[in-house]
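To start, the structure under review is shown below, and the notes come after it.
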Amino acid sequence: MKPKKEFLSASALSPFSASRPHPPSDELIVSLITRPEELEQLAIHLARCPAIALDTESNGFYAYYEKVCLIQISDGRVSYIIDPLELGDCLPLKPLLESPDIEKIMHDGVNDVSGLYRDFGIRIDNLFDTAVACRLLGRKRRSLAALVEDYLGIRINKKGQQYNWGSRPLKDSHIEYAALDVHYLLIIAQRLKDELAERGLLELAYEKSRGVARSTVPERSFPPDGYTRIKGFWDLGEDERRIVKGLYRWRDFLARRWDRAPFRVMPDIALVELAVMKPADESDLRGLKGIPRRFKKGGLARELLRVIKEWQGV
1 MKPKKEFLSA
11 SALSPFSASR
21 PHPPSDELIV
31 SLITRPEELE
41 QLAIHLARCP
51 AIALDTESNG
61 FYAYYEKVCL
71 IQISDGRVSY
81 IIDPLELGDC
91 LPLKPLLESP
101 DIEKIMHDGV
111 NDVSGLYRDF
121 GIRIDNLFDT
131 AVACRLLGRK
141 RRSLAALVED
151 YLGIRINKKG
161 QQYNWGSRPL
171 KDSHIEYAAL
181 DVHYLLIIAQ
191 RLKDELAERG
201 LLELAYEKSR
211 GVARSTVPER
221 SFPPDGYTRI
231 KGFWDLGEDE
241 RRIVKGLYRW
251 RDFLARRWDR
261 APFRVMPDIA
271 LVELAVMKPA
281 DESDLRGLKG
291 IPRRFKKGGL
301 ARELLRVIKE
311 WQGV
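First residue of the sequence shown? That's 1 in UniProt numbering, and the numbers climb one at a time after it.
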């Protein structure tokens with residue numbers, strides 16, 4: 001079963017105050033929040049909810065300096081997609097997400113918790129993490145998609161996992177993907193809580209979830225010896241290893257300047273290929289299949305050849 005979709009404005013808000021979440025509707029109702037007045041109105045609405053489902057989408061797979069690009073919240077009826085890149089400020093969410101009176105349901109929330117603190121100074125309080133519950137229950141299938149299928153008999157599409165969430169405009173398919181991450185989460189959490197309570201593990205789940213809420217993930221940093229972990233590095237000769245080291249450092253410099261994940265600037269396999277082939281001019285570069293096109297001519301090509309020459313002679 002695939003939920004029907006309905007997109008509505010942020011003005012169509014109504015309080016949700018049931019003590020236990022209702023089974024999710026077969027209709028996916030989505031509200032995209034892109035204006036400050038919408039966010040303020042939403043925060044007032046959500047402050048009346050006993051529990052909310054929470055998730056985020058970030059661009060760490062694409063950018064060097066990762067940032068939270070979407071915040072998804074469900075009140076059990078509507079999935080609200082909050083766009084920090086449009087809003088610039090998510091201050092109205094801070095009292096809500098830090099309130100001990102409102103339970104936040106997340107699935108494997110370590111990165112989400114860290115991103116919310118890094119970008120907005122938000123410290124999540126009163127968290128229940130469904131991934132923690134899965135581990136305590138000894139579940140082998142722990143992904144959110146698996147939980148939705150096992151408990152509700154619904155298969156959800158997870159093809160958007162590697163989407164560049166920092167790009168705009170968002171497509172409807174990407175908004176739907178983000179909304180589904182919270183659409184079923186409240187009812188899934190209740191099913192897991194019931195199982196935990198039966199086994200006397202519910203308090204332990206909350207304790208471990210508090211640990212998740214306090215967790216932090218270090219920002220991307222440059223590991224100076226990271227080149228030694230590139231596949232094939234130790235099969236190279238000493239001269240080629242030096243070239244890989246130099247290219248690795250140069251790639252990180254470009255990644256920071258362009259705000260791109262290093263492997264999206266140039267893949268590891270290309271560093272090894274360049275070290276082995278040792279191109280001397282642009283015509284040599286054009287003959288290498290694994291090298292991104294941007295490095296085969298012009299200023300980047302000349303800079304690349306300079307790096308190879310310098311480190312070859314070290």
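Glycine is no exception: its CB is placed at the ideal position from the N, C-alpha and C atoms.
Item to check | Option in L202, T216, D252 with minimal Cα separation from R135 | outcome: Taking each of L202, T216, D252 in turn and checking the Cα distance to R135, the smallest one comes out for L202.
Checklist entry - With 16 as the cutoff for other CB atoms within 10 Å, does G298 come out buried or exposed? => result With fewer than 16 other Cβ atoms within 10 Å, it is exposed.
Checklist entry - At what residues does the alpha helix (DSSP H) containing T34 begin and finish? => result No alpha helix (DSSP H) holds T34; DSSP gives it neither H nor E.
Checklist entry - For K2, which of helix, strand or coil comes out of DSSP? => result Because K2 carries a pLDDT of 48, less than 50, the predicted location of this residue cannot be relied on, and the following value inherits that uncertainty. Three-state result, K2: coil.
Item to check | DSSP three-state assignment for S58, whether helix, strand or coil | outcome: Note: S58 maps to strand in three-state DSSP.
Checklist entry - Grouping DSSP H, G and I as helix and E and B as strand, with all else coil, what is L70? => result For L70, the three-state secondary structure derived from DSSP is strand.
Next on the checklist: Can you find the residues in the same chain that come closer than 7 Å, C-beta to C-beta, to D252, ignoring five residues on each side of it along the sequence?
Outcome noted: Closer than 7 Å at Cβ, skipping near neighbours: F222, P262.
Item to check | Nearest neighbour of K278, chosen from L247, L170, Y163, G166 [CA to CA] | outcome: If we check each option's Cα against that of K278, L247 comes out closest.
Next on the checklist: Please return the same chain residues whose Cβ sits closer than 6 Å to the Cβ of D83, not counting the five positions on each side in sequence.
Outcome noted: The answer, listed in chain order, is T34.
Checklist entry - If we ignore side chains and look at the alpha-carbon of each, how far apart do Y163 and T56 end up? => result One C-alpha to the other measures close to 13 Å.
Checklist entry - On the premise that T228 lies in contact with L185, defined as a C-beta separation below 8 Å, what is that separation, rounded to the nearest angstrom? => result Contact flag wrong, Cβ pair sits at about 41 Å.
Next on the checklist: Rounded to whole angstroms, what is the Cα-Cα separation between V110 and R214?
Outcome noted: So the two alpha carbons sit approximately 9 Å from each other.
Item to check | Nearest to R260 (by Cα), restricted to the options L204, Y64, A51, A47 | outcome: Ranked by Cα distance from R260, the first of L204, Y64, A51, A47 is Y64.
Item to check | Nearest neighbour of D268, chosen from K94, K296, W311, W250 [CA to CA] | outcome: The candidate whose alpha carbon is nearest that of D268 is W250.
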